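Asks:
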Amino acid sequence: MADNDVTTAVTLECRFCNTKNRVPIERALKDLPAVKCGSCGIGLLRVHGEPLADVTDDQIAHPFDREALDTLKKIPLAATIIEKLLGSTIDKLARFRMMANAIRVGPKQAPRLWALYLEAAGRLNVDPPPLFIAQTPVINAWAMGAGQPTVTVTTALIEHMDDRAICGVLGHELTHVRLGHVTYRTLVILMLQGALRLLDVFGLAGMVLKPIQIALYRWYQMSELSADRGELLTTGSLEQFVRTQMTLAGGTARWADDLDVAAFIEQAHEAEAMRDGDLLLWAMELLSSSERTHPLNVWRVHHALRWAQSPEFFQALAGKAAPRAISG
Ligand SMILES: [Zn+2]
Ligand SMILES: [Zn+2]
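Read the sequence shown against my numbering and you will find it ends at 337, with the numbers running on by one and no gaps.
1. Within the present structure, is the beta-carbon of residue 233 separated from the nearest heavy atom of ligand 2 by less than 6 Å?
2. Assuming residue 234 contacts residue 312 (C-beta within less than 8 Å), just tell me the rounded distance between them.
3. Per DSSP, what are the beta-bridge partners of residue 153 in this structure?
4. Residues with a Cβ closer than 6 Å to any heavy atom of ligand 1, in chain order?
5. Which complete alpha helix (DSSP H) runs does the segment 33 to 60 hold, if anything under 4 residues is left out?
6. In whole angstroms, what is the alpha-carbon distance linking residue 223 and residue 290?
7. Could you pull the DSSP bridge partners for residue 114 from this structure?
8. Using CA coordinates, which residue listed in 283, 284, 118 and 181 is at the minimum distance from residue 254?
9. Between the segment 166 to 180 and the segment 128 to 141, are three or more C-beta pairs nearer than 8 Å?
10. Buried or exposed for residue 171, going by 16 or more other Cβ atoms inside 10 Å?
11. By DSSP, does residue 214 sit in helix, in strand, or in coil?
12. Counting only the same chain and skipping the five closest in sequence on each side, list residues whose C-beta sits under 8 Å from that of residue 63.
13. Please identify the residue among 277, 29, 27 and 124 whose C-alpha is closest to the C-alpha of residue 176.
14. With burial defined as no fewer than 16 other Cβ atoms inside 10 Å of the residue's Cβ, what is the status of residue 47: buried or exposed?
15. Would you call the segment 186 to 195 and the segment 229 to 248 in contact, with 3 or more CB pairs under 8 Å?
16. Is DSSP giving residue 18 helix, strand or coil here?
17. Given this structure, state the Cα-to-Cα distance separating residue 109 from residue 194, to the nearest angstrom.
18. Could you tell me whether the Cβ atoms of residue 159 and residue 138 are closer together than 7 Å?
19. Spell out a yes or no on whether the segment 238 to 247 and the segment 21 to 35 are touching, meaning 3 or more CB-CB pairs, one atom from each, closer than 8 Å.
20. With burial defined as no fewer than 16 other Cβ atoms inside 10 Å of the residue's Cβ, what is the status of residue 167: buried or exposed?
21. Is residue 30 helix, strand or coil by DSSP?
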């Protein structure tokens, strides 16, 4: 479907009484919990934390992400690098780094954060890997590792975001875990941080060829679009999603009331109009000089909005209707 080809309404089957409801998309997006079944009056969309057990990977993953990841997996060299480098030493080092430097969250440690994590994991049907809080002034969150991933949020993120926003961000990271992104994303981060100089130690110098790097950078951006969809599904709130991205891009706690969602959305569409492939790659290179693992927030809002305006988003939130009773 072309970008300007916007569907205006979607037919949703009530998961309780099986009545088909015609829902106007734009109006529904303004208040998703208010979308009710015309017959039984129950909310048509699952926006209050209930598990979305029937939602499939194909419903969440952005087609760009799927395509690019399939291409990456076919590059034999990339697989070798990941196996030799990430599968063993780097993975252990990364885990040790978190265990030794950060706080591991659990039922007794930061239980409020833990509860939000379990909510997001339950909603997205993901077995939650270990969660850590790292002390840094950069608002950030990431999932790292090869075979055994870990998820980390920074202290700045907790300080700048409310519980719903944090739940959404955790859902974003858990979507990376669910869709099998973490190993390849770890490779990108290591590449950007210059850690692949370690390849020399493993006798693999020169293996990360430019074409592989470029393919990885392109996919990295596309994997964000998928995780953003997971984030939208976690909270079931478009406004929450946009606010979070605005906070990541340049939000301040002090002037939070001064930040305008509508103006940021306008900016997002302008950013999409400016996009070209080389510009995105260049933006990735810039990451190497920052601690941020989630770039291009404004650009991503454009894509998340497009998805939220699609029947696919509404169908995922509506879920499957109960099987009909067979009479006679
Ligand atoms: Zn109903
Ligand atoms: Zn991400």
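Don't be surprised by glycine CBs; every beta carbon is placed ideally from N, CA and C.
Just so we're clear, the structure is a prediction, and the values are computed from it rather than from any experiment.
Replies: In terms of the structure at hand:
1. Yes.
2. About 5 Å separates the two Cβ atoms, so the contact holds.
3. By DSSP's assignment, residue 153 forms a beta bridge with 159.
4. Put simply, the residues with a CB less than 6 Å from any heavy atom of ligand 1 are 23, 25, 26, 28, 46, 48, 49 and 51, in chain order.
5. Listed in chain order, they are 34 to 39.
6. C-alpha separation (whole angstroms): 7 Å.
7. Answer by DSSP bridge pairing, in chain order: 140.
8. Among 283, 284, 118 and 181, the Cα nearest to that of residue 254 is on 181.
9. Three or more pairs of CB atoms, one per stretch, sit closer than 8 Å, so the segment 166 to 180 contacts the segment 128 to 141.
10. Residue 171 counts as exposed, since fewer than 16 other C-beta atoms from the protein chains shown sit within 10 angstroms of its C-beta.
11. Note that residue 214 scores a pLDDT of 49, beneath 50, so its modelled location is shaky; the value from the coordinates is reported in the next line. Coil at residue 214, not helix or strand.
12. Within its own chain, the residues whose Cβ lies closer than 8 Å to the Cβ of residue 63, once the five positions on either side in sequence are excluded, are 328 and 329, listed in chain order.
13. That would be 124, whose Cα lies nearest to the Cα of residue 176.
14. Residue environment: residue 47 is assigned as exposed (fewer than 16 neighbouring CB atoms within 10 Å of its CB, all protein chains considered).
15. Three or more Cβ pairs closer than 8 Å define a contact, and the segment 186 to 195 meets that threshold against the segment 229 to 248.
16. DSSP places residue 18 in strand when its eight states are reduced to three.
17. Near 22 Å, if we compare the C-alpha coordinates of residue 194 and residue 109.
18. Using a Cβ distance threshold of 7 Å, residue 159 and residue 138 count as a contacting pair.
19. Judged by Cβ distances under 8 Å, the segment 238 to 247 makes no contact with the segment 21 to 35, as fewer than three pairs qualify.
20. The residue is buried, with at least 16 neighbouring Cβ atoms inside 10 Å.
21. Three-state result, residue 30: strand.
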